[in-house]
Structures are given as C-alpha cells and as structure tokens.
Amino acid sequence: MKKTWLVVIPVMLFVLVAAFLYSGLSSDPRQLDSQITGQPFPEFLLPDLMEPEKNYTQAALKGEVTIVNVWGVWCVTCAVEMPYLTHLKETEGVRFVGLYFDQDLDPDNGTKTLNRVQQEVTELLSRYGNPYAFNIFDVYRDTSLDLGVTGAPEHFVIDREGIVRMHHVGDINERVWMNKIGPLYQRLTGREEQNAQGAGR
Numbered sequence: 001m002k003k004t005w006l007v008v009i010p011v012m013l014f015v016l017v018a019a020f021l022y023s024g025l026s027s028d029p030r031q032l033d034s035q036i037t038g039q040p041f042p043e044f045l046l047p048d049l050m051e052p053e054k055n056y057t058q059a060a061l062k063g064e065v066t067i068v069n070v071w072g073v074w075c076v077t078c079a080v081e082m083p084y085l086t087h088l089k090e091t092e093g094v095r096f097v098g099l100y101f102d103q104d105l106d107p108d109n110g111t112k113t114l115n116r117v118q119q120e121v122t123e124l125l126s127r128y129g130n131p132y133a134f135n136i137f138d139v140y141r142d143t144s145l146d147l148g149v150t151g152a153p154e155h156f157v158i159d160r161e162g163i164v165r166m167h168h169v170g171d172i173n174e175r176v177w178m179n180k181i182g183p184l185y186q187r188l189t190g191r192e193e194q195n196a197q198g199a200g201r
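For what it's worth, the UniProt record's numbering labels the leading residue of the sequence shown as 1, then goes sequentially.
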C-alpha cells in the first residue's frame, strides 16, 4: 500500500503543476480580470499634476463617462497610444483623465523635482497630443496599487456613478477601441441607443 502511494502522490503533483502551467500559457495577460471591475473607483485625495494646489477626489470621476488612463513619460507604449487617444477626444468627445506616476520621482528624497516632471509631461503632450481633461498625480502610487495596476498603460472605464466597468491592460488602438472599449463606451454614454434611433429613421 505504501508503495502505491509513493507512486500516486508524485503523479498527482505532476498533473496539478502541469495544469497550472498550461493555464498560464493559454491565458492572455492583456485580458486580466480586475477585482475592481464592478466596484466604485477607490477613494483618493490627490493633486493635479500641473497645478499641485488643486486637489481631486473620486467625485471628479462622477457625472460623466470617463476613461482613466494610467501612464507616465517613461512608458514608450503610452507615447505610442497618445495620438489615437487625442483623436478619440477630438472626434468622439471621449473624456480621458490621466492617472500619472513617475518611476524616477521620489517625493521624500527629491531624486527628480516636480518641476522636471511637469516639463517632461508638457514636452511629451505637445509632441504627441493631449487627450486629457486633467492629470491626477499619483504621488506615492497608492491609487494605482488600490486599482491593481501592474504597469502602464492601463485603462479603467468609469460610468457616471463612478463605478469601474472595464479594466484594459495595454494600449488603446483602433482595433481595441472598435472591438472592446468603444462598444461599452457607446452603451454607457447612451450613444448606442441614439445611433440605433438615427438609423431607424
């Protein structure tokens, strides 16, 4: 009997490990199921990146469908998606709010000054386009951690009541917008119904 268990236990362990590894290989890291989806946007009190004397709370994300874009100037993909986000803002009136954090800024030890960060942000937005209604400065990355952010860019679609309706990891490009985020945005803003009524006339 003991010999049987000596054979069975390693086989069972092997099967479990193999199943775990296979599930990891077959999953898409861009389709992470965020625990925040369906929940209110986490509470916060953070300054405006460009006007630090101005503070925002989660109330700033209510009343209008908003896409919160986690980004930084150090993020190459963020710069790549910037022109398309700006296009969506200008052509479809999409409201983007930036949640900005900087890898090199140490608020306590002063590795990089806020003035330098603002200068880099201004230069990047003037070069690639500015899709943002405003940028919230996530100084210590606390809000990013509350959201479960693992990098940048990441996007959170927020409804008018401040509830997170979608979490998208990676950039927003035309394909992602048309097939994933755009339909939800249209539905939340009521434009889907307006378009259907217009088509029926």
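A virtual CB, placed ideally from N, CA and C, is assigned to each residue, including glycine.
- No residue range can be given for E51, since it is assigned to no alpha helix (DSSP H) and is classified by DSSP as neither H nor E.
- V117 has no beta-bridge partner at all, per DSSP.
- Here the alpha carbon of V80 sits roughly 10 Å from the alpha carbon of P153.
- Cβ-Cβ distances below 6 Å link V94 to L88 in the same chain, with the five nearest sequence neighbours on each side left out; the list follows chain order.
- About 5 Å separates the Cβ atoms of T189 and V65, confirming a contact at the 8 Å cut-off.
- Restricting attention to beta strand (DSSP E) runs no shorter than 3 residues, the UniProt domain "Thioredoxin" (35-186) encloses them at 45-47, 55-57, 66-71, 96-100, 132-137, 154-158 and 164-169, ordered along the chain.
- In the same chain as F96, and ignoring 5 residues on each side of it, the C-beta atoms closer than 7 Å to its own belong to I67, N69, L85, K89, P131, Y132 and A133, in chain order.
- Put simply, of G148, C78 and W177 the residue whose alpha carbon is nearest the alpha carbon of P42 is G148.
- The stretch 113-121 makes no contact with the stretch 154-172, as fewer than three CB pairs between them are under 8 Å.
- Taken atom to atom, the span from the alpha-carbon of R187 to that of G38 is near 16 Å.
- If you draw a straight line from the Cα of T150 to the Cα of P183, it is about 25 Å long.
- Contact check for V121 against L49 passes: the beta carbons are separated by less than 8 Å.
- Inclusion of K180 and H168 in the CB contact set at 8 Å is warranted, their separation being smaller than that value.
- Rounded to the nearest whole angstrom, the C-alpha separation of Y100 and L61 is 15 Å.
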